[in-house]
Each structure stands twice: as structure tokens, then as C-alpha cells.
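Engineer: I have a structure here, written as C-alpha cells, and I will follow up with some questions on it.
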Amino acid sequence: MPVATCPQCYRNVRIVGTPDIGDMVTCRSCDTRLEVVSTNPLELDWPYDLDDDDSSGGESEGFGIYPMDEEDEDDYGLDDDEGEDDDDDF
710 MPVATCPQCY RNVRIVGTPD IGDMVTCRSC DTRLEVVSTN PLELDWPYDL
760 DDDDSSGGES EGFGIYPMDE EDEDDYGLDD DEGEDDDDDF
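Right, here's the structure in full:
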């Protein structure tokens with residue numbers, strides 16, 4: 710019976726049968742859901758959760774990028790009309 714180490718509690722996790730990459734197992738010691746990420750050597754890791762992916766279009770707790778409005782330009786001194794010419798010198 711193949712055995713791997715749980716990355717959460719570092720206890721041995723026994724896997725019934727022949728594990729394949731992507732198989733899901735649960736550590737009986739800490740009840741953590743794990744994914745087989747390597748079969749030789751056998752290695753377990755926390756599964757990638759698509760619900761946590763920022764590209765899903767849902768709300769996230771991280772920083773966001775938002776368009777600036779005219780009030781923001783005034784707050785940060787970004788008003789192009791003050792003291793700068795409109796010529797593009799590249």
C-alpha cells in the first residue's frame with residue numbers, strides 16, 4: 710500500500726490501490742483534503758481550488774484595479790491641464 714506524507718500534519722497517509730496524478734485523498738489524522746501531485750516519488754499537496762481563482766470574475770479580498778475618475782486626478786495631482794504642455798515628446 711503506497712504511503713505519502715501529509716503536508717498539513719506530516720503524518721503518513723496510506724493510499725489504497727495505485728494512485729494517479731490528480732487523485733484526491735483525505736488525511737485521516739487531520740481531515741485535510743489532498744491531491745496526488747507526483748507518483749514517483751509519491752507526493753501529496755493541497756488541491757488547486759478553482760473557486761479561489763481570481764480569474765473567475767467574482768469578488769476577491771485582494772487589491773483591485775479600478776479606473777480613476779476626475780476626483781482621483783485632483784487628489785493625486787494628475788491633472789494634465791496644470792503646468793504641462795500637451796505636446797508628446799517621445
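Just add 709 to wherever you are in the sequence shown, counting from 1, and you've got the numbering used here.
Note that the Cβ used here is the ideal one computed from N, Cα and C, for glycine as well.
All values reported here derive from a predicted model rather than from experimental measurement.
1) Do you know whose CA, among Leu751, Glu744, Asp732, Tyr719, lies nearest Ser738's CA?
2) Beta-carbon separation of Glu744 and Pro756 under 8 Å?
3) Pick helix, strand or coil for Ser747, following the three-state DSSP scheme.
4) Closer than 8 Å by C-beta to Val725: which residues in its own chain qualify, once you throw out the five before and the five after it? Chain order, please.
5) When DSSP labels each residue in this structure, what does Cys718 get in the three-state scheme?
Structural biologist: Well, looking at it:
1) Tyr719
2) yes
3) strand
4) Excluding positions up to five away in sequence, the list reads Met710.
5) coil
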